[in-house]
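Residue numbers (our numbering), protein chains in the order written: chain W, 82 to 534; chain P, 82 to 534; chain H, 82 to 534; chain X, 82 to 534. Below is one structure, written out as structure tokens, with a few remarks after it.
Number of protein chains: 4
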Amino acid sequence: MSRFSQPQDPVFKRINASLDFDRRLWPHDVAQSRAHARMLAARAIIGAEDRDALLAGLDAVEAELAAGRFPFSEDDEDIHMAIERRLTEHAGAVGGKLRTARSRNDQVATDLALFTRDAAAHAARAVEALAAALLDAAERHLDWPLPGYTHLQRAQPVYLSHHLLAYVWMLLRDRERFAFAESQTATLPLGAGALAGVNFAIDRTRVAEELRFERVAPNSIDAVSNRDFALDYLSAAATCATHLSRLGAELVLWSSEEFAFVSLPDAWTSGSSIMPQKRNPDAAELLRAKAPRVVAHLGALHGVMHGLPLTYNKDLQEDKEHLFDVVDTLELCLAAATGMVAGARFDRERMSAAASDDLIAATDAADLLVKQGVPFRECHGIVAGLVRVAVDSGRSLAQLTDEELAAASDRLDRTAFRELLAQSSWLESKVSVGGTALARVREQLEAARSALA
Amino acid sequence: MSRFSQPQDPVFKRINASLDFDRRLWPHDVAQSRAHARMLAARAIIGAEDRDALLAGLDAVEAELAAGRFPFSEDDEDIHMAIERRLTEHAGAVGGKLRTARSRNDQVATDLALFTRDAAAHAARAVEALAAALLDAAERHLDWPLPGYTHLQRAQPVYLSHHLLAYVWMLLRDRERFAFAESQTATLPLGAGALAGVNFAIDRTRVAEELRFERVAPNSIDAVSNRDFALDYLSAAATCATHLSRLGAELVLWSSEEFAFVSLPDAWTSGSSIMPQKRNPDAAELLRAKAPRVVAHLGALHGVMHGLPLTYNKDLQEDKEHLFDVVDTLELCLAAATGMVAGARFDRERMSAAASDDLIAATDAADLLVKQGVPFRECHGIVAGLVRVAVDSGRSLAQLTDEELAAASDRLDRTAFRELLAQSSWLESKVSVGGTALARVREQLEAARSALA
Amino acid sequence: MSRFSQPQDPVFKRINASLDFDRRLWPHDVAQSRAHARMLAARAIIGAEDRDALLAGLDAVEAELAAGRFPFSEDDEDIHMAIERRLTEHAGAVGGKLRTARSRNDQVATDLALFTRDAAAHAARAVEALAAALLDAAERHLDWPLPGYTHLQRAQPVYLSHHLLAYVWMLLRDRERFAFAESQTATLPLGAGALAGVNFAIDRTRVAEELRFERVAPNSIDAVSNRDFALDYLSAAATCATHLSRLGAELVLWSSEEFAFVSLPDAWTSGSSIMPQKRNPDAAELLRAKAPRVVAHLGALHGVMHGLPLTYNKDLQEDKEHLFDVVDTLELCLAAATGMVAGARFDRERMSAAASDDLIAATDAADLLVKQGVPFRECHGIVAGLVRVAVDSGRSLAQLTDEELAAASDRLDRTAFRELLAQSSWLESKVSVGGTALARVREQLEAARSALA
Amino acid sequence: MSRFSQPQDPVFKRINASLDFDRRLWPHDVAQSRAHARMLAARAIIGAEDRDALLAGLDAVEAELAAGRFPFSEDDEDIHMAIERRLTEHAGAVGGKLRTARSRNDQVATDLALFTRDAAAHAARAVEALAAALLDAAERHLDWPLPGYTHLQRAQPVYLSHHLLAYVWMLLRDRERFAFAESQTATLPLGAGALAGVNFAIDRTRVAEELRFERVAPNSIDAVSNRDFALDYLSAAATCATHLSRLGAELVLWSSEEFAFVSLPDAWTSGSSIMPQKRNPDAAELLRAKAPRVVAHLGALHGVMHGLPLTYNKDLQEDKEHLFDVVDTLELCLAAATGMVAGARFDRERMSAAASDDLIAATDAADLLVKQGVPFRECHGIVAGLVRVAVDSGRSLAQLTDEELAAASDRLDRTAFRELLAQSSWLESKVSVGGTALARVREQLEAARSALA
């Protein structure tokens with residue numbers, strides 16, 4: 082007998098059911114049920130015999146789930162109900178005792194915290210793998226010059242190692258973000274009951290220890306309505322995915338015939354259905370295209386929480402699909418990025434030729450004047466004028482005449498100017514900490530290596 | 082022999098493949114392939130025999146797909162390749178001729194336009210079904226008073242029919258939006274080739290006619306890079322979902338014990354795992370919770386298109402999952418809303434009691450003074466003062482004494498004031514077009530009924 | 082005397098006040114007040130003398146506002162209150178009569194509809210101006226070849242005119258979207274009162290006519306709670322801004338030294354604070370960067386409406402800043418894009434050289450075999466093999482030997498193959514409607530010109 | 082003389098200029114300029130005299146800015162240029178030396194990090210103020226019962242203190258998020274130059290110390306292209322704003338006549354333009370309405386960074402308005418929430434009456450059976466049946482007859498059942514840690530107080 086006299090509408094069932102997506106929570110659900118059963122017995126809320134029956138039943142259920150032969154029923158609304166139903170089939174009526182002092186509200190929050198904890202840890206590991214691949218690539222291309230760009234205009238030359246290391250530092254920050262997200266999963270919801278706590282003298286600390294939480298949630302209302310940790314994971318993932326979109330976009334750009342700085346191996350490109358000559362960097366494009374998806378899921382979960390009354394509301398069921406899709410998307414993107422970075426072949430000649438355009442020495446030329454005491458602003462104007470003369474006449478800076486140089490400024494040391502342009506060593510002039518001079522990059526590589534270790 | 086010498090990396094395959102989600106495009110893919118084959122033959126690009134072999138092969142493929150026994154291979158990157166591969170197995174090497182004068186770029190754009198066209202049409206029908214359910218409910222509750230709220234404060238009484246009709250007008254606008262989205266799918270991409278058109282004198286108009294497009298895309302580059310129609314569908318869906326979120330939130334609110342204006346039937350509520358007395362409006366909550374998801378997909382597709390170079394880029398593969406999930410989500414939400422509206426039982430007494438609080442006659446009392454020539458601003462102040470006296474002393478307006486009324490204003494006709502408060506007919510005073518007076522609501526109902534028909 | 086005994090908290094005033102941003106609604110507010118006053122008099126709700134006093138007062142207020150010498154007070158919560166307060170200062174107590182049969186709820190909805198109508202119309206005009214600039218540019222560069230790209234890889238050559246026209250079609254669709262948004266502003270909210278209609282026999286049709294609305298809102302509740310038209314405008318703007326982001330990104334890309342297809346004039350670039358040689362396409366970058374902002378405002382307004390109870394809620398005040406910023410952003414972006422397109426100087430030689438790489442004739446080579454009856458799939462494989470041989474040995478397709486050609490396929494007509502590669506006329510082979518053959522582009526230009534007219 | 086021969090287009094200037102919004106960065110810009118000047122002199126890159134002239138000039142500039150009498154020029158593109166221009170007017174040509182070894186790229190990144198650091202610290206303080214107000218309110222309402230809700234249905238009674246504390250824990254997590262964001266601003270960009278480092282042997286550590294950064298950015302490319310810290314701040318703000326939206330929505334709900342659990346003071350409500358009786362919780366509604374705005378800005382900045390090439394691009398100028406608006410919005414929302422919480426008057430009787438509905442004792446009744454060894458699932462069914470009988474007949478559980486109880490289950494101890502319903506002490510039964518029993522709430526209050534301290 083139940084409070085309800087009518088069966089649920091099939092459409093209601095469809096919109097209400099979450100089994101299709103929440104079934105992946107089963108390992109966490111089984112783990113927490115074990116911990117719950119042991120605690121109930123330790124507190125004499127159930128007997129040792131009941132506990133053992135429950136644990137044996139959970140073993141059987143877990144075996145079926147792990148083997149992919151768990152008999153789901155179409156009346157299973159969610160994974161929690163499915164497991165409890167099946168447990169009762171295995172263990173008999175005692176299965177119903179597992180619901181003692183536990184509500185679906187604290188149960189699902191606990192499963193989700195466990196899931197998010199794992200996801201954050203896995204993401205951190207995958208981030209490290211990509212950072213390691215980038216570090217290796219940086220070491221292999223330590224002194225390969227390429228133009229650094231601002232506004233996608235050649236600006237100043239840098240070493241490829243320096244450029245690749247920029248991504249490493251982004252990823253090391255991503256790792257901090259995932260660590261923060263993980264820290265936010267360390268509070269155990271279980272024991273909050275439906276919302277107000279439970280009528281039994283349970284031992285939440287014991288459960289927390291068994292499930293490796295650092296503390297128990299201090300407020301039962303907050304415990305069942307809190308999804309901050311999921312937002313934290315999604316925020317970390319969004320920034321990471323945005324980083325990957327920059328990497329992906331750059332691989333696409335550098336793979337173009339116009340740049341031709343990099344060539345992705347066959348294993349990471351695909352052909353065209355109609356154009357036999359094409360080698361398309363599909364995976365790099367998808368790195369770029371996936372970031373908005375991750376960001377959108379973050380926004381969506383904020384939207385779900387927006388203005389939501391305390392405590393538990395069914396709206397919270399919408400947390401899972403957003404979270405799960407991000408976990409899967411990010412894992413795939415990180416793996417793809419790692420593979421592409423490891424396989425990318427850079428073209429030393431193309432990059433080096435692009436970096437030897439003497440216009441990108443203009444800042445160094447200005448600094449030459451600075452060192453003679455001319456205020457930088459003025460130096461900038463002098464050199465800009467020389468650049469204009471050169472560009473307008475289709476020449477390089479080195480090809481300007483003595484007269485042209487003298488006309489620009491009588492303080493310009495023409496010999497030093499020409500030496501500067503000749504030496505091609507503008508890279509080595511960037512000696513400040515974090516700069517592109519080789520000694521600095523070596524220090525940086527060391528620092529990154531040690532940060533990653 | 083191919084241009085590629087290495088096999089694709091398994092991770093590349095995973096991120097690159099779209100078969101898992103694009104397989105639902107198969108009916109459109111088969112339809113366009115038939116039209117394409119017929120056109121190629123009509124233009125003598127292939128022979129009649131080849132055409133017949135292709136059509137027979139497509140019949141066989143379609144039969145397998147429809148019966149769910151199509152043998153997908155793990156090398157099938159997407160549904161287009163899967164169908165072509167299988168077609169060649171059925172029909173032999175002639176299957177390869179179907180690729181003549183067609184690229185995957187224009188092919189997929191065409192499939193997606195066909196899919197979106199159907200989705201928009203279906204959404205419009207589902208919107209109408211919900212509007213009809215609301216209209217029926219409005220007719221059943223034509224003269225049931227309830228408080229109208231602003232700022233969630235009781236403001237002025239209205240009839241329930243009037244309130245329900247507000248949703249009808251939202252939905253009628255949604256129908257216009259879906260019609261607009263449908264109109265944006267009426268341009269045929271096929272024939273654009275990879276991006277530049279094709280080398281054959283094809284007949285795009287014929288294909289457009291067979292597939293019921295109104296015109297052919299006038300620019301091949303735009304044809305393969307355009308996803309505006311998907312954005313149009315998503316925009317329409319986002320506004321519709323936001324409307325549904327308002328309806329859902331209201332059903333939740335009105336189902337609370339405090340409001341108790343409505344009771345959802347057992348078929349549309351669920352119980353609690355731990356609290357036997359609960360009847361939870363889960364579906365209504367999910368109506369509320371799904372809107373951010375739909376809006377997020379819209380934002381995500383904008384993100385995918387953001388700054389994307391012309392023409393086709395792999396990023397565009399990310400259009401499908403966003404679109405498909407919205408189509409499914411919206412269909413389910415509209416069906417659930419329709420079921421809930423049809424089943425909702427309103428509580429006439431609760432609503433009526435709430436609407437009879439005489440404070441909500443305050444505007445009418447002010448208007449009484451207006452009609453004696455007092456500027457509205459002044460009237461507002463006089464009545465506000467009376468409200469304050471009443472509220473502070475825990476009385477209704479009708480319980481104020483002659484002295485109190487006189488003190489407020491010597492122009493206040495006390496008899497008329499008391500009659501006004503007694504009659505409870507404040508609803509009928511709202512005689513302006515679109516107002517809540519019964520005659521007006523009847524007109525409105527008629528107008529809505531005819532707009533819907 | 083008022084209902085309130087305490088003054089508002091300063092923080093409350095700060096969060097509550099909207100004058101800082103809604104003051105720009107004043108022209109619409111004055112216009113609707115005039116129409117309202119005339120209607121009230123026409124219906125004898127106020128006398129002719131009152132009407133004239135109100136109109137004279139509104140003239141005075143308008144003059145102050147237009148001249149920027151309207152004396153705002155710090156107690157003016159919003160523009161409606163400011164105008165009413167000032168009107169009363171000018172016209173005396175009769176000013177308070179303007180509130181008769183009107184609430185701020187229908188008043189603000191009406192102002193916003195008027196504002197959005199204008200904004201949509203202006204956007205459509207600005208979109209046309211950009212389309213015209215692109216059309217002009219297309220005509221000036223009718224037969225300039227450049228590589229068409231897919232996946233940012235050179236794919237097939239196209240004419241620059243064809244490429245530029247792709248943006249024209251996007252913009253013509255944007256114009257349809259703004260027209261749709263404008264159509265959604267054609268329903269007059271005024272007369273809905275606070276939410277339930279008003280107690281006076283007003284003439285809404287008269288007001289609608291004066292303010293050029295096509296119809297009156299049929300449901301007062303919907304009238305005050307509806308912001309769909311703002312969402313429609315924002316949706317149109319989001320798609321338009323996303324189109325502009327593609328144009329902006331392309332200008333940035335083509336301005337790079339590697340592409341060097343385009344040079345933006347000095348008037349549309351800026352220098353660097355430190356690098357004298359730089360010419361940065363800042364405006365093009367900002368076109369790219371503004372799209373997420375517009376899309377975000379759209380998402381935000383959906384968020385504001387999410388789950389909102391009927392009818393008016395203060396949340397709706399958040400409609401304005403989102404809308405206004407988009408109007409301003411879009412207007413600026415469209416103007417900037419128009420200026421850049423008009424000023425851009427394309428480099429015929431660079432583009433042409435890039436388009437003459439004979440690898441991009443590969444599809445044509447495959448089609449040569451198709452015309453000999455070889456199924457396209459097979460042709461694709463043969464030519465892909467040739468491409469591989471050429472690329473691996475650093476040669477063009479034209480440099481392959483007879484033996485190499487014969488080894489690839491005995492059906493390949495070597496003479497025709499070499500002629501094909503020699504003629505550089507791959508562009509003219511794309512003869513399908515919408516294709517890049519010059520005759521087709523001329524037709525397209527004509528069609529676009531006439532669509533725009 | 083400059084590289085540019087044409088003046089900038091007025092539209093270019095409008096879209097390019099950032100002075101209107103970045104002027105608020107001036108305190109940070111002056112501070113970093115001082116540190117930069119001192120460091121340049123310490124490293125003998127400029128002389129002590131120049132340093133002193135620069136510092137004196139900066140003092141003069143700062144004084145003008147602080148007093149609001151800084152003479153901005155219409156050619157000032159941004160605050161950095163404005164300050165440098167003005168410095169040169171004060172100090173003469175030496176002003177140009179401040180640009181030595183510094184680019185706008187590292188300069189603006191440094192300003193923004195300083196700004197964000199302050200914003201995060203201020204947000205944390207404002208969060209604490211709100212938490213303290215909630216704690217005080219919790220103490221004042223320690224033992225006031227109210228119904229706890231799930232699905233907005235009465236579920237189990239809780240104490241108001243317990244409910245208010247739920248928000249405190251959310252806020253304490255928000256504080257952790259802002260602390261994390263602050264930690265991400267601790268890396269100094271200055272010294273990265275335009276992108277590659279600078280040509281001078283600068284002392285970045287000295288600058289970092291003066292400006293209180295913990296470390297210098299290890300990679301110059303990352304330093305100028307990194308905006309992660311802004312994303313971190315926005316992520317923290319988004320979650321915090323979402324929390325506030327829940328609080329705001331609850332205040333709105335509880336202020337309704339139907340709930341009437343809370344009354345906001347006059348200082349925090351506003352009246353209606355037309356309905357004299359209204360007291361509208363505008364500020365609470367705006368708390369609800371602002372969250373989507375904050376979330377949208379977060380999404381927008383992700384969008385700006387999406388696929389962006391390294392290193393600096395003008396797109397990054399779009400970081401500021403998103404960030405600034407969030408800082409202002411959040412500050413205002415937190416202040417408003419604090420004021421409302423402090424001023425809210427709760428209605429003990431209304432809440433208590435709502436909490437005494439004996440249906441919400443159903444879980445306790447089920448637990449009674451559990452303690453007799455009946456599996457919970459079974460108990461749940463028995464009590465659900467009793468609820469149905471009671472509800473269907475319009476009675477409370479306490480009014481059920483012995484026969485009805487016996488019919489439900491022969492194991493139900495009728496005396497204990499009736500005692501349970503009589504005692505109204507269901508709150509005290511929730512004895513688990515974090516539960517609503519008074520002793521537990523007292524512990525919780527203590528813990529929160531100490532966490533906040």
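Beta carbons: idealized from backbone N, C-alpha and C, even for Gly. Model, not experiment: these values are computed from the prediction.
Taking 9 Å as the cut-off between beta carbons, none of the residues of the region 181–206 of chain P comes near chain X. Residues of chain X whose Cβ lies closer than 8 Å to the Cβ of Q398(W) do not exist; the shortest such Cβ separation is about 11 Å. Beta-bridge partners of Y240(X) (DSSP): P226(X). Residue-level contact by beta carbon fails for E291(X) and chain W, as no gap is shorter than 8 Å. Rounded to whole angstroms, V375(X) and V408(X) show a C-alpha spacing of 9 Å. Looking at the backbone, the Cα of L312(H) and that of T320(P) are separated by about 7 Å.
Linking K511(W) to E263(W) through their CA atoms gives a straight-line distance of about 39 Å. For G424(X), the enclosing alpha helix (DSSP H) has its first and last residue at D400 to G424. Using a Cβ distance threshold of 8 Å, I283(P) and T392(P) do not count as a contacting pair. The shortest C-alpha to C-alpha distance from D400(P) to any of D396(W), P373(W) and K401(W) is the one to P373(W).
Counted as a single uninterrupted DSSP element, the stretch harbouring G176(W) is not any alpha helix (DSSP H), since DSSP gives it neither H nor E.
Per DSSP, reduced to three states, the secondary structure at N280(H) is coil, with no helix or strand assignment.
A distance below 8 Å separates the beta carbons of D406(X) and H378(X). Contact fails between the region 211–224 of chain P and the region 266–281 of chain H, because fewer than three Cβ pairs, one in each stretch, are under 8 Å apart.
Excluding the 5 residues flanking it on each side, R431(X) has same chain C-beta neighbours closer than 6 Å at A341 and F342, in chain order. Boundaries of the alpha helix (DSSP H) harbouring D483(P): D483 to A489, taken from the DSSP string.
Non-local beta-carbon contacts of T410(X) in its own chain, meaning distances under 7 Å to residues more than five positions away in sequence, involve K371, R374 and V375 in chain order. Between the alpha carbons of P226(H) and V239(H) lies a distance of about 6 Å. Against chain H, the beta carbon of S326(P) has neighbours under 7 Å at H387 and G388, listed in chain order. With its beta carbon less than 8 Å from one in chain P, G380(X) belongs to the interface. Contacts between W335(P) and chain W, judged by CB atoms closer than 9 Å, are missing: the closest CB pair is about 14 Å apart. Scanning L292(H), N307(H), E412(H) and A202(H) for the CA closest to the CA of L253(P) turns up N307(H). The beta-bridge partner set that DSSP reports for Q234(H) consists of T231(H).
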